[in-house]
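What follows is a single structure, written as structure tokens, with notes after it.
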Amino acid sequence: MNRRSILKTAAVAVSASTFLSVASLGAWANETLKIGFVGVTSGPAAAWGTSNVRSMQTRAAWLNEMGGVKIGDKTYDIDIVTFDDQKDPKRAIAGMEKMAQEGIHYVVGPNVDDGAAAVRPVAEQNGIMYFPYAFPKELYTAPASNAILGMIANYQSGPAIYKYLKENKGVQKVAFVAANESDPLSQRDGGVAAAKALGLDVVSDNVTYQVDTTDFTPVLTPVIQTMPDLLVLSGVAPANAPQLIRSARELGYQGLISTETAQDATVLQEGAGELANGFISVGGASTPEIASDTMKEFVDRYTKMFGEYNDESNTKVYALEYIIETLKADPAAIDNVDEFKKTMDTFSAPNPYMKGDSKLKYVGMTSFGQKRQVFVPMVVNEFKDGKFETLFIAEVD
Amino acid sequence: MEQILANGLYLGAQYALIALGLTLIFALMNVLNFAHGQMYVLGGFVTYTIYAQLGLPFVVGLAASAITLAVVGALIEKYLFRPVIRRSSREESTMLLAAGIAFFLDAVILLVFGEKQRGVPKIVNGVLNWDFRLIMPYDRILIGALAILSIVAFILFMQYSRTGRAMRALAQDRVAAQLQGVDVDRYSMIGFALGAMLAGLVGGLLVTITGINLGMGGPTSIKAFMMVMIGGAGVISGAIAGGFILGMLESIGLSVLSQYGDITYLAIFASLMIFLAIRPQGLMGKPWG
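For the protein sequence lines, the chains are A and B, in the order given.
With the UniProt record's numbering applied, the first sequence closes on residue 397, and no number is skipped along the way.
With the UniProt record's numbering applied, the second sequence closes on residue 289, and no number is skipped along the way.
In structure tokens form, the structure reads like this:
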């Protein structure tokens with residue numbers, strides 16, 4: 001073979017292999033669907049947003065590993081774009097603007113009331129649906145239409161818990177204590193109203209504490225002196241719950257303690273040990289009675305990816321699932337949130353995280369007058385010896 | 001009243017120990033160590049790892065916290081603050097460096113120890129209940145006593161040891177101390193290490209009571225600065241006084257003002273502003289520095 005032939009053969013081989021590579025890439029590579037997260041992943045409330053982000057990243061990696069998500073006639077790999085708003089509304093706005101610049105239409109977060117309220121104009125102007133973990137009703141009632149509550153609100157779980165405890169545990173006197181921040185204070189006010197509506201005697205509702213408090217004995221001393229049957233830790237952060245429980249018990253309090261926020265069993269066990277036994281909180285689909293095999297595998301994958309599971313993710317696992325399943329139901333919504341809103345009214349899909357025939361669907365008609373809340377089971381847990389046990393399960397319509 | 005006094009004394013002892021390290025570093029190097037709270041948090045996590053995770057005795061965890069933070073403090077002084085102080089006479093350079101270290105430590109703690117609140121098993125069980133007039137768990141009494149013991153040990157060390165005397169000389173007049181043969185670099189490093197060690201020690205002590213989490217650093221630094229401002233910046237006895245005053249104010253405010261909502265710190269901050277307007281150098285500080 002002469003030199004010219006060798007060069008010619010080499011050129012043909014390179015061209016052919018290049019063509020084949022490009023062709024195979026075209027045939028096999030998925031498009032990317034970016035889903036955003038704007039919330040708090042640093043500072044005292046880092047646990048709230050971190051459990052969000054890690055839930056999303058775990059599920060996205062799992063879906064991508066299985067070949068991606070088929071929406072319409074295209075298959076997508078899920079890419080989670082995250083932004084730490086440091087629990088600062090100004091940064092939350094910057095985060096939502098970043099999502100808009102990246103062409104993202106579906107965002108999970110923010111985690112707190114003021115952040116969720118602050119991003120509303122940016123989301124509405126840029127065609128973004130967002131899933132806050134914040135409770136102000138004006139975010140979800142008309143004319144607002146882009147926010148979808150990602151969990152059960154305290155004004156939904158509180159009355160159910162108080163009613164259960166009144167009827168089953170004979171609770172008559174209730175005391176509330178809350179951190180001096182917008183979320184816990186609004187949750188306290190909602191809880192007080194719900195308790196009074198049920199005919200309960202509210203014996204203390206004005207004791208608050210700084211969110212950075214480390215010693216709760218002085219805070220709780222006047223509350224315990226009112227001798228309530230039930231002590232409600234309104235909107236308590238997972239970091240504060242064990243210390244509050246411990247202080248209350250050490251002060252001799254023997255009544256019930258509850259909260260309407262999600263908690264983590266390991267944190268309670270480490271911080272309060274057996275003193276936390278009987279503590280009532282709202283969880284998600286993870287107790288052995290209701291968790292499906294998919295939920296158990298999610299917990300395993302999360303634990304492998306990040307070293308340790310966070311029980312708050314029992315609720316946080318749902319938002320990404322709702323986004324993807326709704327897009328599957330209406331592929332035109334992938335870049336058109338009006339389509340998404342239309343589909344929400346009739347959307348229904350199997351709930352992969354619960355045993356039985358539970359469905360993913362949007363709810364909120366009673367609370368907001370429109371379907372702007374994800375349906376997640378309202379699992380009320382009781383902490384016992386390092387684990388949550390299901391006290392009762394209710395639903396929001 | 002007994003409960004209020006006991007709560008105030010307990011809070012005061014832990015606050016004073018936190019403030020001591022901060023004021024020592026300020027006295028020796030004129031550095032406002034914004035990372036003091038993060039050092040406290042790191043100390044708490046070290047004790048948590050040794051005591052709760054590895055199952056070793058609590059005192060081992062406490063010693064590990066103190067040693068780790070002393071080493072971290074020495075390295076920070078030698079490789080970060082010393083070169084910056086040598087090259088820049090502007091005070092804001094060290095302030096920015098300290099703030100940078102605080103953010104860096106926050107990030108490292110998040111990566112290594114995670115975002116969750118951590119707690120350790122109680123070191124002593126049981127509660128002292130004096131006819132419901134005074135209720136105090138035994139572990140708080142023990143930690144309060146250990147904090148007071150640590151403060152006394154620190155004072156004795158500063159008063160009677162050769163190193164302590166050298167550091168006091170350095171704090172009083174850096175140039176004069178240098179002319180008298182005090183090795184400024186060496187004692188600055190020891191002082192910074194000692195200040196960081198105190199932060200680690202108190203973090204290790206308090207993890208048994210309050211637990212520890214990533215977000216505790218910033219608020220701890222703020223409280224430490226308040227104590228130092230009350231007592232007088234750079235004055236050891238001032239930091240101790242500031243700690244006990246803040247602890248007592250907090251205890252009284254939370255009990256007496258609780259019916260009016262969370263106004264205790266509002267009242268403390270307002271009082272502090274008025275106090276500093278009248279006496280900007282604090283209780284025991286000197287007006288000239």
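A virtual CB, placed ideally from N, CA and C, is assigned to each residue, including glycine.
Kindly indicate if chain A contains any beta-carbon less than 7 Å away from that of B:Leu254.
Your numbering for residue 254 of chain B matches position 254 in the second sequence. Yes, B:Leu254 counts as interfacial toward chain A.
Does A:Glu270 have its Cβ less than 7 Å from a Cβ in chain B?
For the purposes of this step, residue 270 of chain A is identified with residue 270 of the first sequence, where counting begins at 1. Yes, A:Glu270 counts as interfacial toward chain B.
Candidates A:Gln225, A:Asp201 and A:Thr213: which alpha carbon is nearest A:Asn180's?
To locate residue 180 of chain A, count along the first sequence from 1; it is residue 180. The candidate whose alpha carbon is nearest that of A:Asn180 is A:Thr213.
What are the residues in the segment 305-319 of chain A lying within 9 Å of chain B by C-beta distance?
Within the segment 305-319 of chain A, the qualifying residues are Phe306, Gly307, Glu308 and Asn310.
For B:Leu205, decide whether its Cβ has a neighbour in chain A, counting only Cβ atoms nearer than 7 Å.
As a working note, residue 205 of chain B is residue 205 in the second sequence. So, not an interface residue.
Using 8 Å for Cβ pairs, my map puts A:Ser145 next to A:Gly191. What's the rounded Cβ distance?
Position 145 of the first sequence, counted from the start, is the residue given in the question as residue 145 of chain A. Position 191 of the first sequence, counted from the start, is the residue given in the question as residue 191 of chain A. About 28 Å separates the two Cβ atoms, so there is no contact after all.
Provide the residue span of the beta strand (DSSP E) that contains A:Glu339, from first to last.
The residue labelled residue 339 of chain A in the question sits at position 339 within the first sequence. Segment Val337 to Met344 is the alpha helix (DSSP H) holding A:Glu339; no beta strand (DSSP E) there.
Comparing the C-beta of B:Glu2 with each C-beta of chain A, is any distance below 7 Å?
In the second sequence, the residue the question calls residue 2 of chain B occupies position 2. It does not; no Cβ of chain A falls within 7 Å.
Could you tell me the distance, in whole angstroms, from the CA atom of A:Lys137 to the CA atom of A:Pro121?
Your numbering for residue 137 of chain A matches position 137 in the first sequence. Your numbering for residue 121 of chain A matches position 121 in the first sequence. Answer to the nearest angstrom: the Cα atoms are 16 Å apart.
Closer than 7 Å by C-beta to A:Asp335: which residues in its own chain qualify, once you throw out the five before and the five after it? Chain order, please.
Indexing the first sequence from 1 puts residue 335 of chain A at position 335. Correct list, in chain order: His105.
Closer than 7 Å, CB to CB, is B:Glu115 near chain A or not?
Taking the first residue of the second sequence as position 1, residue 115 of chain B is located at position 115. Yes, B:Glu115 lies at the interface with chain A (some Cβ there is under 7 Å from its Cβ).
So is A:Asp330 in contact with chain B if we call contact Cβ pairs under 7 Å?
For the purposes of this step, residue 330 of chain A is taken as residue 330 along the first sequence, with counting starting at 1. Not one chain B Cβ lies under 7 Å of A:Asp330.
DSSP three-state label for A:Tyr106, please.
Here residue 106 of chain A corresponds to residue number 106 of the first sequence, with the count starting at 1. A:Tyr106 falls in the strand class under three-state DSSP.
What does B:Thr210 reach in chain A if we use C-beta pairs closer than 7 Å?
Within the second sequence, the letter at position 210 stands for residue 210 of chain B. Near B:Thr210 (Cβ distances below 7 Å), the residues of chain A are Thr214, Asp215 and Gln243.
Check whether the Cβ of A:Glu250 lies closer than 7 Å to any Cβ atom in chain B.
In the first sequence, counting from the first residue as 1, residue 250 of chain A sits at position 250. So yes, A:Glu250 belongs to the interface.
Spatial neighbours of B:Tyr138 within its chain, please: CB distance less than 8 Å, with the 5 preceding and 5 following residues excluded, ordered by chain position.
Position 138 of the second sequence, counted from the start, is the residue given in the question as residue 138 of chain B. Val124, Asn125, Gly126, Val127 and Leu128, listed in sequence order.
Candidates B:Ala27, B:Phe34, B:Ala6 and B:Ala98: which alpha carbon is nearest B:Pro219's?
For the purposes of this step, residue 219 of chain B is identified with residue 219 of the second sequence, where counting begins at 1. Closest option to B:Pro219, Cα to Cα, is B:Phe34.
Looking only at DSSP bridge pairs, what is B:Gln172 linked to?
Position 172 of the second sequence, counted from the first residue, corresponds to residue 172 of chain B. Looking at the DSSP assignment, B:Gln172 forms no beta bridge with any residue, so it has no partner.
Which whole runs of the beta strand (DSSP E) in the segment 66-142 of chain A are 3 residues long or more, in chain order?
The qualifying runs are 69-71, 74-84, 106-108 and 129-131.
Residue range of the alpha helix (DSSP H) that A:Leu320 falls in?
Here residue 320 of chain A is taken as the residue at index 320 of the first sequence, counted from 1. Per DSSP, A:Leu320 belongs to the alpha helix (DSSP H) from Tyr318 to Ala329.
Grouping DSSP H, G and I as helix and E and B as strand, with all else coil, what is B:Lys116?
Here residue 116 of chain B refers to the residue found at position 116 of the second sequence. If DSSP states are grouped into helix, strand and coil, B:Lys116 belongs with coil.
Helix, strand or coil for B:Phe192, going by three-state DSSP, please let me know.
If you number the second sequence from 1, residue 192 of chain B lands on position 192. In this structure, B:Phe192 counts as helix in the three-state DSSP scheme.
Does B:Leu214 come within less than 7 Å of chain A when only Cβ atoms are used?
Within the second sequence, the letter at position 214 stands for residue 214 of chain B. Closer than 7 Å to some Cβ of chain A, the Cβ of B:Leu214 qualifies, so yes.
Assign A:Leu230 to one of three DSSP states: helix, strand, or coil.
Along the first sequence, read from residue 1 onward, the residue named residue 230 of chain A stands at position 230. Strand at A:Leu230.
Within a Cβ cutoff of 7 Å, which residues of the same chain sit near A:Glu31, ignoring the five residues on either side of it in sequence?
As a working note, residue 31 of chain A is residue 31 in the first sequence. Lys74 and Tyr76, listed in sequence order.
For A:Asn180 and chain B, any beta-carbon pair shorter than 7 Å?
Stepping through the first sequence from its first residue, residue 180 of chain A is reached at position 180. Chain B, which has a Cβ nearer than 7 Å to the Cβ of A:Asn180, makes this yes.
If distances are taken between C-alpha atoms only, which option among A:Ser292, A:Ala265 and A:Thr294 comes closest to A:Asn310?
Along the first sequence, read from residue 1 onward, the residue named residue 310 of chain A stands at position 310. The candidate whose alpha carbon is nearest that of A:Asn310 is A:Ala265.
Give the secondary structure of B:Val256 by DSSP, where H, G and I count as helix, E and B as strand, and everything else as coil.
Along the second sequence, one-based indexing puts residue 256 of chain B at 256. DSSP places B:Val256 in helix when its eight states are reduced to three.
So, B:Glu2 versus B:Leu201, is the Cβ gap smaller than 7 Å?
As a working note, residue 2 of chain B is residue 2 in the second sequence. As a working note, residue 201 of chain B is residue 201 in the second sequence. Contact flag unset, no.
Output yes or no for whether 7 Å exceeds the beta carbon distance between B:Arg217 and B:Gln38.
On the second sequence, position 217 is the one that residue 217 of chain B refers to. On the second sequence, position 38 is the one that residue 38 of chain B refers to. Looking at the sequence itself, residue 217 of chain B is Gly, so the reference to Arg does not match. A contact, by the Cβ cut-off of 7 Å.
Would you report the Cα separation of B:Ile236 and A:Met99, rounded to the nearest angstrom?
Residue numbering aside, residue 236 of chain B sits at position 236 when the second sequence is read from its first letter. Residue numbering aside, residue 99 of chain A sits at position 99 when the first sequence is read from its first letter. So the alpha carbons of these two residues sit roughly 50 Å apart.
In the segment 229-240 of chain A, which residues sit with their C-beta less than 9 Å from some C-beta in chain B, listed in chain order?
Going along the segment 229-240 of chain A in chain order, one finds Ala237, Pro238, Ala239 and Asn240 with a Cβ nearer than 9 Å to chain B.
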